[in-house]
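As they're listed, the protein sequences go chains D and W. The first sequence lines up with residues 1 to 381 when you count with the UniProt record's numbering. The second sequence lines up with residues 1 to 321 when you count with the UniProt record's numbering. Virtual Cβ for every residue (Gly too), placed ideally from N, Cα, C.
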Amino acid sequence: MSELPEGLHALPEGLHAATARPAEAAQDDVLVSAEGVVKYFPIKQGIVFKKEVARVHAVDGVDLRVRRGETLGIVGESGSGKSTLARCITGLHPVTSGRILFEGTDITKLSKSGLKAFRRDVQMIFQDPYGSLNPRRRVGSIIGDPFAIHNIADGADRKKRVQELMELVGLNPEHYNRFPAEFSGGQRQRIGVARALALKPKLIVCDEPVSALDVSIQAQVINLLKDLQDELGLTYIFIAHDLSVVRYVSDRVGVMYLGRIGESAAAEELYERPRHPYSAALLSAASIADPDEAERAERIVLIGDVPSPIDPPSGCRFHPRCPKAQERCVAEEPALVVRDGDAADHLTACHFPVEPGEVLAHEHAGISQVSTEPELPEVEQ
Amino acid sequence: MSSFTELDSEIVPVDAEPRRVQGRTPWQLAWTRFRRDRLAVASLVVLALMVVFAALAPLWAHWTGHPYDATFPKTALDPSGQPVGPGRHFWLGADQLGRDVLVRAAYGARISLVVGVAAAVLASVIGVAVGVLAGFVGGVLDTVLARMMDITLALPYLLVAIMLATTFQLTSVAASVSLTIVVIAFFSFAAFGRIIRGQVLSLREKEFIEAARSLGAGNLRIMAVDVLPNLMAQVTVLTSLLIPTSIVFEATLSFLGVGVRLPMPSWGSMLGEGSDVFQTAWWLLAVPAFLLLLTTLSFNLLGDGIRDALDPRGDRHSGKK
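Right, dumping it as structure tokens:
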């Protein structure tokens, strides 16, 4: 953490005025919301005349709301649709159906010029600090790209602004003319952060921003993101599969499974009292730093693999692997609503939510599950 | 042994000044690697000499007093009408019409280099344009362009070239050179475009392309700023390897009499004329053949050197002991 940017205290003036907002924003000041967002990817066959033979249900009916100034964490296994959801929200993927409202405007219906204006407000930080920077361009040119694309500043003005951004994220502005290959992974991710900040966005979608980094570097980048949020009043959607990282950065957390949100709640609430059996299993698989506590912890081991998103299970998508599944779960899809005894923003999509203190079966094949697979920890850590 | 001496130079004295790390562009790094490749540097020198030889062709004609299309029946042919061999007046001998082979070879070098380089550059420009469009835009455009390239590759190029030459019956040298360049480029761009298309297809999935898109960059900008610069290494290598192919292509067309118009000499047409009388005048074949071999070999080695320099991950010594 010794590398924390000193530049934070010497903020470029322009950044304050446009985006800084009181952290205690009104409770219902929703910046972005998704309503029934669905994204299917067609699988096509044929050489000249392509025929759609199947579709991957990457995101299948997601509702979420992100308030101004907060961080919404999204966790889930690989293939649960987290990244696709992120790309739908940033407008990189056109949605199959549903609405995404950003400050009240449905971005799925924006014109080309409207979309370009929208892109100034929503930026993205990518997972791979090596793949997300063009290796043939100098850092100054990469960070200055947003200015060039939107015709905001050029020449000496652009250089000055880029160097301010570099200072803001803790990079040496003298490295303006270097190539990405001359930086370490953590520094490269800082370059990505600087590029995302250039247009003073209101929302930044972080798609596993630290999962490609060393643990020590992860902390630096996460703290940088948190500090920037405080300084600039940013709103984050933070996607990760590392549960402890998500807990640390998020105000609220949503758990995704097979293209749906299974549970969403305030971070502490979710981590202390998960109601969805999948959340409980996922959290029980997280590594615990204290060895004594780790020994006492009950691990819920799920059987089988995540079903294919090409042909997701009926009813509740988790039913084939759920220890609590019953007939109703196969037939009827549970709604994402507040369950008995929960806080107002604790939503669970489960017919039989886990009661506090309830111990779930260690190994349970779920209903209608035939599996001879050896037991495997399913959660990627 | 040589590896030991190489090691020695790497041992830094203890009291040496700490070396200042300096940022270098990928091209600077490539140039450093290229300079260490002796074979490639030698090829570059040979090609530079060839360019001088070709560029100074009028000077050779002036010094020897033998213009490329002038015949010298008295000095160049012996009493029985056979061309004289290499000697004091005709350094590389004379041909059966009594023309100076040295001067003609120099003019032929001009044709070979100009046609080879121009055709390769034209083919790479078209190939890059088609490949990038097909790979990046995709969809119907990709299908159309990819099939077009397949069709081009399937055409019998010599037949088409002969047909074009007989159809147009070009009389001026400039027009015949231009047609030759266009024909060669037309038959070379498809192979080029296919490789570029494949490269673009993999580049398109890179996150920095997605990042540019999320910043609001349009397709044109992404192609120009993010895709093309990442293709330059490939394009450089492919173009440098396309030059020798184009030179041989030109020689083939001229050999068959459908390339560069006579009396402008070309190595190919010199080979064609010399093949009639090579049993008595070996130099008529040997000179153009040697020059053709030297030039194409040098270009190929140069291309290999450029590839090694631009792609340090490739194992340059694979297969060699």
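Residue i: contacting residues in chain D (beta-carbon distance under 9 Å)
i, result
"Gly216(W)", "Leu115, Lys116, Ala117, Phe118, Arg119, Arg120, Pro146, Ile149, His150, Leu199"
"Asn230(W)", "Asn134, Pro135, Arg136"
"Ala212(W)", "Asn134, Asp145, Ile149"
"Pro26(W)", "Pro135, Arg136, Phe179, Ala181"
CB of residue i within 7 Å of CB of residue j, strictly
i, j, result
"His351(D)", "Pro334(D)", "yes"
"Gln123(D)", "Pro201(D)", "yes"
"Tyr176(D)", "Thr96(D)", "no"
"Ile204(D)", "Tyr236(D)", "yes"
"Asp95(W)", "Pro83(W)", "yes"
"Gly108(W)", "Pro265(W)", "yes"
"Met256(D)", "Gly81(D)", "yes"
"Leu284(W)", "Phe278(W)", "yes"
"Leu213(D)", "Arg190(D)", "no"
"Gly254(D)", "Gly69(D)", "no"
"Arg251(D)", "Thr71(D)", "Note that residue 251(D) is Asp in the sequence shown, not Arg. Cβ distance < 7 Å, so Asp251(D) and Thr71(D) count as in contact."
"Tyr68(W)", "Val103(W)", "yes"
"Ser298(W)", "Leu47(W)", "yes"
"Ser254(W)", "Gly268(W)", "yes"
"Gly315(D)", "Val337(D)", "no"
"Ser176(W)", "Arg99(W)", "no"
"Gly139(W)", "Arg197(W)", "no"
"Leu169(D)", "Ile143(D)", "Reading off the sequence, residue 169(D) comes out as Val, not Leu. Contact: no."
Chain-ordered chain W contacts of residue i [CB-CB under 7 Å]
i, result
"Asp227(D)", "Neighbours of Asp227(D) on chain W: none; closest Cβ ~22 Å, over 7 Å."
"Gly185(D)", "Here the premise fails: no neighbours, minimum Cβ distance about 14 Å."
Boundaries (first-last residue) of the alpha helix (DSSP H) holding residue i
i, result
"Thr252(W)", "228 to 255"
"Arg188(D)", "185 to 197"
"Cys316(D)", "Where Cys316(D) is concerned, there is no enclosing alpha helix (DSSP H), given that its DSSP letter is neither H nor E."
"Leu158(W)", "157 to 168"
"Asn134(D)", "It is not in any alpha helix (DSSP H) - Asn134(D) carries neither H nor E in the DSSP assignment."
"Gly268(W)", "267 to 274"
"Ile306(W)", "283 to 310"
"Asp150(W)", "139 to 154"
"Pro58(W)", "57 to 64"
"Ala174(W)", "173 to 204"
"Phe208(W)", "207 to 214"
"Lys160(D)", "155 to 168"
Residue i: contacting residues in chain D (beta-carbon distance under 8 Å)
i, result
"Arg221(W)", "Ile149"
"Asp308(W)", "Per Cβ cutoff of 8 Å: no residues; Asp308(W) is ~19 Å from chain D at best."
Which residues DSSP lists as bridging residue i, in chain order
i, result
"Gly254(D)", "Ile74(D), Ser264(D)"
"His65(D)", "Per the sequence shown, the amino acid found at residue 65(D) is Arg instead of His. Answer is Ser33(D)."
"Pro83(W)", "Leu77(W)"
"Leu203(D)", "Val122(D), Thr235(D)"
"Tyr40(D)", "His57(D)"
"Ala94(W)", "Asp100(W)"
"Val337(D)", "Thr348(D)"
"Asp106(D)", "Leu101(D)"
"Gln45(D)", "Lys51(D)"
Proximity test, residue i beta-carbon vs the ligand NAP heavy atom, cut-off 6 Å
i, result
"Ala240(D)", "Of the ligands one can find in the structure shown there are none, so the ligand NAP has no counterpart to examine."
Residue interval of the beta strand (DSSP E) (run including residue i)
i, result
"Met124(D)", "122 to 125"
"Ile237(D)", "235 to 240"
"Gly98(D)", "97 to 102"
Within chain D, the residues that residue i reaches when beta carbons sit closer than 7 Å
i, result
"Asp226(W)", "Asn134"
Within chain W, the residues that residue i reaches when beta carbons sit closer than 8 Å
i, result
"Leu92(D)", "Glu210, Arg213, Ser214"
"Met256(D)", "Those do not exist, as Met256(D) stays about 20 Å from chain W at its closest Cβ, beyond 8 Å."
"Gly131(D)", "Lys206, Glu207, Phe208"
Interface residues of chain W facing residue i [CB-CB closer than 9 Å]
i, result
"Gln123(D)", "Ser214, Leu215"
"Phe126(D)", "Glu207, Phe208, Glu210, Ala211, Ser214"
Give a yes or no on contact between the segment 109 to 127 of chain D and the segment 79 to 93 of chain D, applying the rule of three or more CB pairs nearer than 8 Å. yes
Take every Cβ of the segment 29 to 49 of chain W, pair it with every Cβ of the segment 143 to 153 of chain D, and state whether three or more of those distances are shorter than 8 Å. no
Does the segment 177 to 191 of chain W come into contact with the segment 199 to 207 of chain W, if we say contact requires no fewer than three beta-carbon pairs (one atom in each stretch) closer than 8 Å? no
Determine, using beta-carbon pairs with one atom in the segment 240 to 250 of chain W and one in the segment 109 to 123 of chain W, whether at least three such pairs fall under 8 Å. yes
For the segment 145 to 156 of chain W against the segment 210 to 225 of chain W, are there 3 or more C-beta pairs whose distance is under 8 Å? no
I want to know whether the segment 300 to 311 of chain W touches the segment 234 to 242 of chain W - three or more CB-CB distances under 8 Å. yes
Three CB pairs or more closer than 8 Å across the segment 276 to 283 of chain D and the segment 257 to 266 of chain D: yes
Pairs of beta-carbons, one from the segment 189 to 198 of chain W and one from the segment 129 to 136 of chain W, closer than 8 Å: are there three or more? yes
Would you check if the segment 208 to 215 of chain W and the segment 287 to 294 of chain W touch, i.e. whether three or more CB-CB distances between them fall below 8 Å? no
Report yes or no: do the segment 132 to 140 of chain D and the segment 180 to 196 of chain D share at least 3 C-beta pairs separated by less than 8 Å? yes
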